[in-house]
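Here the structure comes first, spelled out in structure tokens, and everything after it is commentary.
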Amino acid sequence: MKKLIYTLSTFALLALGAVSCDSYFDVELQDQATIEEMFSKRGTARQLAAHMYAYLPKEENPVDATTEGGFSGRTDARQVNASAYANNVFDLRVGDYSPASITGYTLWENYYKAIAHCTLVIENIHLNKEDNEAVREYMKAEARFMRAFYYFCLFRTYGPVIVWGDKAAPSDAVGSSLDRNTLEENIDFIVSELDRAIDVLPMSITEVGLQEGSDMGRATKGAAMALKSRVLLYAASPLYNGNDLYAGMTNYYGNEIFPQGYDATKWEEAKKAAKAVIDLNYYSLVKADKTSGDEFTDGIRAYQNIFFKQWNEETIWGWWMNFYTDWLGRTGGFIGACAPRNITVEGWQSLTPSFKLVDAYAMYESGRYPVTGYDRTSGMDDYSKPVIDETSGYVSEGFSMTTQFEAEWAGEFEAHNSTLGREPRYYACLVPNGYYWPCDPKLKTMTNPKTSSTTWTAEDMRCHFWRGSGALCQRWDQTSTNNYFGYAWRRLYAANNPLDVGSDYQQIKYVYPAFRLAEIFFNYAECCIETGDYDEAIKYLNMIRNRSGLNDLEVAYPGIATDPELLRWCFKQEKMIEFAIEGPMHFYDSCRWMTAEKNFPTLNWTLNLNDPVDYHDSWVRSSEDFPLAKHSKFTKRDYLFPFDSDQLAEMTNLTQNYGF
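Position in the sequence shown counted from 1, then plus 203, gives you this note's numbering.
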């Protein structure tokens, strides 16, 4: 096995760049005295510990498919709106990838570099005598947590991987003799490392002298417990718990990589892990900053605060969003990917929801989900043929006059009836065709493309996405940055930010909540459903619904406590809504449930936006208007990512995933 020798200086952190696919397994250092010197100094030792976070997944970046964030583009929650900036997303979405074509993806390499770095810290942090023992023990436990997290990042993407255990990769390892450890060995090691970290890590970083400013996002006891909850939930789920697809898959050593039978006790283990986080009573669902007295308004404000309120009481562990580092800023790039063209500078409109997501949001008055499914055409959900719950209060046709929350300055306007009466999260996330981009025109200073002046009216802020005369929310030359779908995604956009110049984007800074309490509630509720504790599951689902202004499930669906299939369906609807385009949660959920092959493939359904139409005519669902003909595909092979051909050339006996 080829080796790469790494050198450290007092001015540079450990460089774990690799030329060959297996060289990053080794952390062989050229000058051991230099390493000892660096770890013996407080400043460089802390730098080396902090550098463990340099390998974090860019889950918050939904455009780049070479990171996990882009995996959301493969799901039924998104319509990938443009090829510009998103070619990799299209390749994955339509199944146009293979071990040979994914060699540019660096997930495998990145995380093994991270694991090697964490192991280096574990083995050497004791040399730091300038910090007290509590700080040294914290950083060692922190490294165990981070190493476990990176192993989990590998696991959720590839399934069981090579686990080195509590040691560095052996220096004499030979690529041809390496293969994956079993699933149980993966899970057991990750959980055992988390248990060791939990015993040491504090609830707050301030307990070991770290600062709430610059050190926010460092590991805590709650973070390790939340990761343990997620890991055990995955282990209990259908993809990993004895499914027939991976039966008989053995590694180079003759061991069966995946469990060969279903184990119901895994749900109990996952249930205990989730409840342990809840029982800390340390975190709470974030609420509206000020109570308005109106449940609907407070529901919108509470849901918005998941991102708008930095390091809020719901966030268990996260990091500053890092979408791009260009002139739009680290979070601004995400908003730019969603913002409408010609109302904002650099609005790309390349990231939009799907009809599946639009249809999922509940009705506010009844609390019921208006669409229960779709007729199937050619083996795919036909979004033009939704199955509507007639008791929900949903109206699928026609128009009515209404006003818009956070755009009261616009007065009454004509809106499609399907957009009316929906729950608060709908309006916190979506700007449907015909609605107003929620920025008071008085705040606008950029040149209005319709008038060539800096004067803006309310009508200028109205999002007419069709390509007819007078359309404003699209690019005049009809390039790939058009909104081809008919709804804008505004979840990270706070109203009345004009987005007229780069600094309007650059000032937006959000924390990505990699783990938040709502997820733990969902984890616990899912385990309760699978262990038959339906009342307890409903209790925690109600907490999430109530935070956003919805009524209890038992009110919306009388008898749900004795109908486990209905409860499971409501659970999945609720989780899809709550975590809509919030990292890759929905992608990995759909994979571990093994529902993706049924739900993800679909045609490119949009509103009817082609010339010549007017506003009323645009409100027809069409699969003919999208400019890119290929539709999304997902087959059994796609539940796990393949190992690339370069990797297989280095490790000739590495067991490839199913279907590749």
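Glycine is no exception: its CB is placed at the ideal position from the N, C-alpha and C atoms.
Here V714 carries a strand assignment [DSSP, helix/strand/coil]. Following the DSSP letters along the chain, one finds G496 in no alpha helix (DSSP H), marked with neither H nor E.
Ranking F511, P373, R359 and S835 by CA distance to the CA of Y443 puts R359 first. With a contact defined as Cβ atoms closer than 8 Å, F829 and N860 miss out at about 31 Å. In this structure, DSSP gives I238 a helical state, which the three-state scheme calls helix. A Cβ-Cβ separation of about 6 Å places Y818 in contact with G637 under the 8 Å criterion. Taking a C-beta distance under 8 Å as the contact criterion, L381 and I365 qualify as a contact pair. Around the beta-carbon of L646, fewer than 16 other beta-carbon atoms lie within 10 Å, marking it exposed. Across the structure, L633 and R694 are spaced so that their CA atoms are roughly 7 Å apart.
By the Cβ rule, the segment 713-722 does not count as touching the segment 577-587, because fewer than three pairs are nearer than 8 Å. Contact fails between the segment 449-463 and the segment 537-553, because fewer than three Cβ pairs, one in each stretch, are under 8 Å apart. Under the three-state reduction of DSSP output, E729 falls in the helix class. Fully contained in the segment 562-606 are the following beta strand (DSSP E) runs of length 3 or more, in chain order: 574-580, 583-591 and 602-605. Apart from sequence neighbours up to five positions away, the residues of its chain that approach R399 with a beta-carbon distance below 6 Å are R347, ordered along the chain. Shown here, A372 sits in coil according to DSSP, grouped into three states, outside any helix or strand.
Sequence-distant Cβ neighbours of Y506 in its own chain, meaning closer than 7 Å and more than five residues away, are P627, R628, A631 and S751. Here T306 carries a coil assignment [DSSP, helix/strand/coil]. Partner residues in a beta bridge of W551, as assigned by DSSP, do not exist. D562 has its alpha-carbon roughly 19 Å from the corresponding atom of S603. In the displayed model, F616 falls within a strand according to three-state DSSP.
It is roughly 46 Å from the alpha-carbon of E781 to the alpha-carbon of V377. By alpha-carbon distance to F608, the top candidate from T500, Y715 and V394 is T500.
In the three-state reduction of the DSSP assignment, L646 falls in the helix class, which pools H, G and I. Distances from the CA of R249 to each of L560, H619, V823 and V338 were compared; the closest alpha carbon is that of V338. Per DSSP, the unbroken beta strand (DSSP E) holding P635 starts and ends at L633 to P635.
In this structure, L435 is the residue among L435, S487, I481 and P405 with its C-alpha nearest to the C-alpha of D466. In the same chain as H789, and ignoring 5 residues on each side of it, the C-beta atoms closer than 7 Å to its own belong to S275, T278, A280, M779 and F782, in chain order. Here the alpha carbons of G624 and F668 stand approximately 22 Å from one another. In the three-state DSSP reduction, R359 falls in the helix class (H, G or I).
When rounded, the separation of the alpha-carbon atoms in Q552 and T798 is 29 Å. With respect to the 8 Å criterion, P441 and R795 are classified as neighbours on the basis of their beta carbons.
As the crow flies, the alpha-carbon of Q414 is around 16 Å from that of G521. For the set Y341, K261 and T555, the Cα lying nearest the Cα of Y314 is the one of K261.
If you draw a straight line from the Cα of T809 to the Cα of F558, it comes to about 8 Å. Residue state for A479 is assigned as helix, using DSSP reduced to three classes.
The three-state secondary structure of S826, taken from DSSP, is coil.
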